[in-house]
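S.K.: Take a look at the following structure, please.
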Amino acid sequence: MRFPRLAYRVLRSNLGDLPDPYRMTWGVTSRCQARCAMCNIWRRPAGDELSLSEIDRFLASSNRFSWINLTGGEIFLRDDIDGILDAIDRHCRQLCLLNFPTNGHDSDRIVAVVRAFLARMSVPRLMVSVSLDGPPELHDRIRGVDGSWERAVATFHRLRELRSRRFSVFLGYTMQEANLDGFDEMLQTVRREVEVADDELHINVAHVSGLYYDNAPFSGLPAPEETCRLLGRTSASRQGKALNPVSFLERRYQSLVRPYLEKGRVPLACEAAAASCYVDPAGTVYPCTGFDAPIGSLREWGYDLGRLWRSARRHEVRQAVRDGACPGCWTPCEAYQTIMANLFAGGGKG
Numbered sequence: 001m002r003f004p005r006l007a008y009r010v011l012r013s014n015l016g017d018l019p020d021p022y023r024m025t026w027g028v029t030s031r032c033q034a035r036c037a038m039c040n041i042w043r044r045p046a047g048d049e050l051s052l053s054e055i056d057r058f059l060a061s062s063n064r065f066s067w068i069n070l071t072g073g074e075i076f077l078r079d080d081i082d083g084i085l086d087a088i089d090r091h092c093r094q095l096c097l098l099n100f101p102t103n104g105h106d107s108d109r110i111v112a113v114v115r116a117f118l119a120r121m122s123v124p125r126l127m128v129s130v131s132l133d134g135p136p137e138l139h140d141r142i143r144g145v146d147g148s149w150e151r152a153v154a155t156f157h158r159l160r161e162l163r164s165r166r167f168s169v170f171l172g173y174t175m176q177e178a179n180l181d182g183f184d185e186m187l188q189t190v191r192r193e194v195e196v197a198d199d200e201l202h203i204n205v206a207h208v209s210g211l212y213y214d215n216a217p218f219s220g221l222p223a224p225e226e227t228c229r230l231l232g233r234t235s236a237s238r239q240g241k242a243l244n245p246v247s248f249l250e251r252r253y254q255s256l257v258r259p260y261l262e263k264g265r266v267p268l269a270c271e272a273a274a275a276s277c278y279v280d281p282a283g284t285v286y287p288c289t290g291f292d293a294p295i296g297s298l299r300e301w302g303y304d305l306g307r308l309w310r311s312a313r314r315h316e317v318r319q320a321v322r323d324g325a326c327p328g329c330w331t332p333c334e335a336y337q338t339i340m341a342n343l344f345a346g347g348g349k350g
């Protein structure tokens, strides 16, 4: 009943706000080995993170998610990441999809954890994206660590060997001013070492976010014209795959990149603080990764997201999103549920 439940919630989100979020983006750590030019998460002190026992308590009461996106930092820097994955799998019995990115730095650990989890998980689908932002020299320069490209490609190659009906792996390319000219060379170079299908590429756009990336101001956003030219070519390669939900979301996402880059907005009603939320490593709940409007702390609400979701503060933040008070974004973490909540109206529901 997991997928019918998700389908119901998606359709219901087209008619109005849902009573609880079906998607959570969850930053489990700020620690990271990379030193990315477009992201300053790695500069933050490791700080306070929800412990595994706190995570278990949280998920024991807050487990109605259909989709969880784990993120960091680099999630594999948590020694207990396998325990976190198991807690999600054990408690979230409505979960259809679990996904997370990785920089691919610690290939042995990443592959071992994923392989072991695949052998015991009950989640229907697991998706992993390995970040790759250009050909070798450019990728290493953007990521700030020598040898990053070789590590990332090796991790992608090894994870790809684990593919199944339940597990997919992608290359994640973050478009920015520094790498718009490097996409073709990156793809050609990778394909000399490992097969990469067109639909195994996950392309998004660099963002400015003081809350999540801690990168404001960032002057390296890609130019709209060049970005759309590149996206047009990659989108054309996906023609004929519209019935694939992932390809549909990717193509719709890419089609709305231009208005975001030109105006800082897209013509769709945002679902932040309705269908989705962002939880930071310390357990503070936000509407999304871009809007620094804390809804509340899980620790202060007994680790019960449902109680917090029914609070006056959550309704206040949701109204602020409706009113356009947020900075605006078009990152897949927030865009996909917005796309799915605007299936029947080009400009979104009112």
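Mapping of the sequence shown onto UniProt numbering: position 105 corresponds to residue 105, and the numbering continues sequentially without gaps.
Backbone N, C-alpha and C fix where the C-beta goes; we use that ideal spot for every residue, glycine too.
Taking the DSSP output, what are the residues bridged to valine 205?
M.R.: Bridge partners of valine 205: Met175.
S.K.: Measure the alpha-carbon distance for tyrosine 213 versus glycine 290 and round it to whole angstroms.
M.R.: Rounded to the nearest angstrom, the two C-alpha atoms are 9 Å apart.
S.K.: What number of angstroms, rounded off, separates the C-alpha of leucine 6 from the C-alpha of alanine 341?
M.R.: Cα-Cα distance, rounded: 12 Å.
S.K.: Can you have a look at glycine 147 and say buried or exposed, based on whether 16 or more other CB atoms are within 10 angstroms of its CB?
M.R.: Looking at its Cβ environment, which holds fewer than 16 other Cβ atoms inside 10 Å, glycine 147 is exposed.
S.K.: What are the uninterrupted segments assigned as alpha helix (DSSP H) that are 4 or more residues long and contained completely in the region 135–161, given in chain order?
M.R.: List check, alpha helix (DSSP H) in window: 136–143, 148–160.
S.K.: Reducing DSSP to helix, strand and coil, say where serine 51 ends up.
M.R.: Correct three-state label for serine 51: coil.
S.K.: Which residue comes first and which comes last in the beta strand (DSSP E) that contains serine 131?
M.R.: That run of the beta strand (DSSP E) goes 125–131.
S.K.: Cα separation between asparagine 179 and alanine 87?
M.R.: Approximately 38 Å between the Cα atoms of the pair.
S.K.: What does the Cβ neighbour count give for aspartate 108, buried or exposed, with the cut at 16 atoms within 10 Å?
M.R.: Exposed: under 16 other Cβ atoms inside 10 Å.
S.K.: Taking the alpha carbon of valine 145 as the point to measure from, which residue in Ile110, Gln188, Gly104 has its own alpha carbon closest?
M.R.: Taking only the C-alpha atoms, the option nearest valine 145 is Gly104.
S.K.: What first and last residue would you give for the beta strand (DSSP E) that runs through threonine 189?
M.R.: Threonine 189 -> not in any beta strand (DSSP E); alpha helix (DSSP H) instead, spanning 183–191.
S.K.: In terms of alpha-carbon separation, which member of Pro135, Gly232, Thr25 lies closest to phenylalanine 183?
M.R.: Of Pro135, Gly232, Thr25, the residue nearest in Cα terms is Pro135.
S.K.: I'd like the ranges of any alpha helix (DSSP H) spanning at least 4 consecutive residues and lying wholly in the UniProt domain "4Fe4S-binding SPASM" (270–330).
M.R.: Whole alpha helix (DSSP H) segments, 4+ residues: 305–309, 312–322.
S.K.: Rounded to a whole number of angstroms, what is the C-alpha to C-alpha distance between residue 353 and valine 285?
M.R.: Past the edges of the chain, shown from 1 to 350, lies residue 353, and the structure says nothing about it.
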